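A.B. asks:
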DNA sequence: TTTAGCACTCAGCAGGTTAGAGTGCTAACA
DNA sequence: TGTTAGCACTCTAACCTGCTGAGTGCTAAA
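Chains as they are written, first to last, in this note's numbering: chain G, 1 to 348; chain C, 1 to 348.
Spelled out as structure tokens, the structure:
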């Protein structure tokens, strides 16, 4: 859609002012605040055109104009200027990531906190799905005469464990033996590689302990096949209540009821767009009735170039897109790096 | 405070009606709904007395009466009748606990869900602090030439792990050796029992690997001393928005901002009252400005008679005390039992 | 001691009025 | 032909006003 220069300026002014004040913007306001060098009357003419073309709308006759979804879309696609983070903000992010780089959970948590803190909207971070891998070590530990713990250490640094029931006849030494055999024969193999022939060999070697072996193999198989579950971290839900669009309890209720449904959110985050760039969805472009008055800025983060999770910011359609986009951009890059550092040397 | 029989009946009527309707209760309403056999005028006289004594108050001149905090207190202490759970509810709780008895996290989660679901208020469950214990197994696992994983299995069934940096000179066999030595010498000991003489012995035996030994011992010591951190699970925050007292966004905001502060909540839950019974705190009795219009019903749950965590329900002061108290009571008992079952046989 | 009756109070609502913000149109102007 | 001043018009939000009904407290009679 072609749009002449002055119309763009007027649209830009409306979007900026409305984002800042949450009040419909009138022609006088634009003329005064944005110094376009023309009178309110001229701006009124332009606004009438913009409304006709669907970029702005009027809440009621004697009110100013408000950007429509189409207007925001045009703004995001063509008018918006990049808005770099302040050095202070960049430093904050970097230092937080440097300090708290202990484990994945913490990094995700921190990411969410930073996202919501910097944008003042709600942050959503999807935990990385690292996919299948091989294992480094399996260990059976006797806990008491009738129970044992099976521990599997994966090559990506995660752990799986399970408590199993054992016959009293098995000694701690037996379990040590089983552990060694399993480690010696299977270590480093992926699920596909664990051939049945190999398993037969093991079962014949440890025939006495078939039952316990079954239980251990069950956990091992699960660990090898199962992708880590999608979990989502939410931060700054509270921020949304400061937005004037949520001064109405009914809206707060719909919003919160949606944010409570983890699965739904995961769907929204993990959805369609598999590219690495930033996706901006405005209002109805989010395929969900309940939050059709919100916008989402999402992006994937990666490990070794492979997309493994995503993060996003949810705010009112009247969102500071430029700011949010740069924050999300910067955060994905930093999170990817932090993960890279954390995983350095690990199998995956 | 002595109170004549009819006054008690009037107070009870006011509390019940206000809990049910959230509207100030007038003399006519009481006469009609509660059949005390006297006219509204008589009830008015009683109400005047009750107000003078501080049990009820009037929001404004021409409104009915509302129980004061003191009124709720009197109700809870003297007037309230026990309100057993319905068989259906009891069955629901029991069956949920039977199915989901896999790990502690899940049990806590389920408890919170049930609490909020049954009461329609917000549930808070503090994770058990199992305290110090001894360890069952320690294992060093080589991940790659420069990193290894230390895994410690505690006798209460929890796991601790950490990634450490290692010199390239150390082989996987070395690590196996170190693991065996540590297990052989230290297994089952508590932190106090690990004598310096013993440590010297180990260090001399494994002199070549002092560095890696240090790192492993560090995790081990931490695991042995550190109490599991207090974490809190919240459920049904959303429920509160259906309460008419939270139809005002400002109040929702203060409430949510408090519920976001985990530490504060832990303080409230873990606080003073260390006995096993149920504690009811009404309005200002909760030592927190922000939720002075709420009440809390809390109780501890236990393992082998020892208090190890607590749960609670947060609702408006206009709360269904009788119902909530019986739910909390039933839940603590069931949770304690579930934990008992889960820990059966484990060290602690 | 209880109750009927009555005067009084006050929140909330409906209806009416006003002020101000903002528009669209028209006619004059550059 | 594009721009602008002026003006009539529209509509919301705020304010006032009077009314209604719920509920009270007091008094005097039962």
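By construction, the Cβ of each residue, glycine as well, lies at the ideal position given by its N, Cα and C atoms.
This structure is a prediction, so every number in the text was calculated from the model and none was measured.
Quick one: which unbroken alpha helix (DSSP H) runs of 4-plus residues sit fully inside the region 59-96 of chain G? Chain order, please.
C.D. replies: Complete alpha helix (DSSP H) runs here, min 4: 69-74.
A.B. asks: Can a CB atom of chain G be found closer than 7 Å to the CB of residue 338/C?
C.D. replies: Answer no: the Cβ-Cβ gap between residue 338/C and chain G never drops below 7 Å.
A.B. asks: Near residue 38/C, what residues of its chain come up, given a Cβ to Cβ distance below 8 Å and the 5 sequence neighbours on each side ignored?
C.D. replies: The residues are 6 and 31.
A.B. asks: Assuming the contact rule is C-beta atoms closer than 8 Å, residue 122/C and residue 234/C should be a hit. Round their C-beta distance to whole Å, please.
C.D. replies: Right, the Cβ-Cβ distance comes to about 7 Å (below 8 Å), so this counts as a contact.
A.B. asks: If residue 288/G and residue 268/G are in contact, beta carbons under 8 Å, what's the gap, nearest whole angstrom?
C.D. replies: With 8 Å as the limit, residue 288/G and residue 268/G qualify as a contact, their Cβ atoms being about 7 Å apart.
A.B. asks: In the structure shown, what three-state DSSP assignment does residue 347/C receive?
C.D. replies: In this prediction, residue 347/C scores a pLDDT of 43, lower than 50, which makes its location untrustworthy; the coordinate-derived value is nonetheless stated afterwards. Note: residue 347/C maps to coil in three-state DSSP.
A.B. asks: Can you give the Cα-Cα distance for residue 293/G and residue 40/G, rounded to whole angstroms?
C.D. replies: If I take the Cα positions, the gap works out to 30 Å.
A.B. asks: Just the C-alpha distance for residue 135/G and residue 163/G, rounded to the nearest angstrom, thanks.
C.D. replies: Spanning the two alpha carbons is a distance of roughly 19 Å.
A.B. asks: My parser needs the beta strand (DSSP E) runs of 3 or more residues fully inside the region 119-145 of chain C; what are they?
C.D. replies: Within the region 119-145 of chain C, the complete beta strand (DSSP E) runs of at least 3 residues are 122-126 and 135-144.
A.B. asks: Going by C-alpha distance, which of 147/G, 49/G and 97/G is nearest residue 114/G?
C.D. replies: Considering only alpha carbons, the answer is 97/G.
A.B. asks: So is residue 349/G in contact with chain C if we call contact Cβ pairs under 7 Å?
C.D. replies: Only positions 1 to 348 of chain G appear in the structure, and residue 349/G is not among them; the question remains open.
A.B. asks: Whole angstroms is fine: what's the gap from residue 173/C's alpha carbon to residue 171/G's?
C.D. replies: Using only the alpha carbons, I get a separation of about 24 Å.
A.B. asks: Just curious, the alpha helix (DSSP H) that residue 47/C is in, first and last residue?
C.D. replies: That run of the alpha helix (DSSP H) goes 40-52.
A.B. asks: Can you tell which of 128/C, 165/C, 265/C and 125/C has the C-alpha that lies nearest to the C-alpha of residue 211/C?
C.D. replies: Ranking 128/C, 165/C, 265/C and 125/C by Cα distance to residue 211/C puts 165/C first.
A.B. asks: Please list, in chain order, all residues of the same chain as residue 336/G whose beta carbon is under 6 Å from its beta carbon, the five residues on each side excluded.
C.D. replies: Cβ neighbours of residue 336/G beyond the five flanking positions: 301 and 302.
A.B. asks: Report all residues from its chain with a CB closer than 8 Å to the CB of residue 277/C; omit the five preceding and five following residues, and keep chain order.
C.D. replies: Same-chain partners within the cutoff: 299.
A.B. asks: In the DSSP assignment, find the beta strand (DSSP E) that holds residue 311/C and state where it starts and stops.
C.D. replies: Note, residue 311/C: beta strand (DSSP E), 306-316.
A.B. asks: Does the beta-carbon distance from residue 18/C to residue 10/C come in below 7 Å?
C.D. replies: Contact: no.
A.B. asks: Taking 7 Å as the threshold (C-beta atoms), are residue 178/C and residue 206/C in contact?
C.D. replies: Cβ distance < 7 Å, so residue 206/C and residue 178/C count as in contact.
A.B. asks: By the three-class DSSP mapping on this structure, what secondary structure does residue 235/C have?
C.D. replies: Residue state, collapsed to three classes: strand.
A.B. asks: By the DSSP assignment, the alpha helix (DSSP H) with residue 258/C in it spans what residues?
C.D. replies: Per DSSP, residue 258/C belongs to the alpha helix (DSSP H) from 249-260.
A.B. asks: So which residues on chain G does residue 157/C lean against when the C-beta distance must stay under 8 Å?
C.D. replies: Those are 143, 149 and 163, listed as they occur along chain G.
A.B. asks: What does the Cβ neighbour count give for residue 321/C, buried or exposed, with the cut at 16 atoms within 10 Å?
C.D. replies: So residue 321/C ends up on the buried side.
A.B. asks: Of the residues that make up the region 252-266 of chain G, which ones have a beta carbon closer than 7 Å to any beta carbon in chain C?
C.D. replies: Answer in chain order: 252, 253, 256, 257 and 260.
A.B. asks: Which ranges would you report for the beta strand (DSSP E) in the region 154-192 of chain C if only whole runs of at least 3 residues count?
C.D. replies: With a minimum length of 3 residues, the continuous beta strand (DSSP E) runs that stay inside the region 154-192 of chain C are 159-165.
A.B. asks: What does a CB cutoff of less than 8 Å around residue 79/C pick up in its chain, not counting 5 residues either side in sequence?
C.D. replies: These residues qualify, in order along the chain: 8, 11, 12 and 15.
A.B. asks: Taking residue 182/C as the reference, give the member of 216/C, 155/C, 222/C and 238/C with the closest Cα.
C.D. replies: The shortest Cα separation from residue 182/C among 216/C, 155/C, 222/C and 238/C belongs to 216/C.
A.B. asks: Tell me which residue opens and which closes the beta strand (DSSP E) that residue 301/G is part of.
C.D. replies: Taken as a continuous stretch (DSSP letters only), the beta strand (DSSP E) holding residue 301/G covers 294-303.
A.B. asks: My guess is that residue 248/C and residue 120/C are in contact by the Cβ rule of under 8 Å, so how many angstroms apart are they, rounded?
C.D. replies: 19 Å between Cβ atoms; not a contact.
A.B. asks: Rounded to a whole number of angstroms, what is the C-alpha to C-alpha distance between residue 91/G and residue 152/C?
C.D. replies: If I take the Cα positions, the gap works out to 36 Å.
A.B. asks: Go ahead and label residue 46/C buried or exposed: buried means 16 or more other beta carbons lie within 10 angstroms of its beta carbon, across all protein chains shown.
C.D. replies: Buried, because 16 or more other Cβ atoms sit within 10 Å of the Cβ of residue 46/C.
A.B. asks: Nearest to residue 139/C by CA position, among 196/C, 50/C, 213/C and 61/C, is which residue?
C.D. replies: Comparing Cα-Cα distances from residue 139/C to each of 196/C, 50/C, 213/C and 61/C, the minimum goes to 213/C.
A.B. asks: Any idea if residue 338/G is buried or exposed, counting beta-carbon neighbours within 10 angstroms, 16 or more meaning buried?
C.D. replies: Label assigned to residue 338/G: buried.
A.B. asks: If we define contact as Cβ-Cβ less than 7 Å, is residue 211/G a contact residue for chain C?
C.D. replies: It does not; no Cβ of chain C falls within 7 Å.
A.B. asks: How far does the alpha helix (DSSP H) with residue 212/G in it reach, from first residue to last?
C.D. replies: Run containing residue 212/G: 210-225, per the alpha helix (DSSP H) assignment.
A.B. asks: Can you confirm whether residue 139/C, when its beta carbon is compared against all beta carbons of chain G, has any partner nearer than 7 Å?
C.D. replies: It does; some Cβ of chain G falls within 7 Å.
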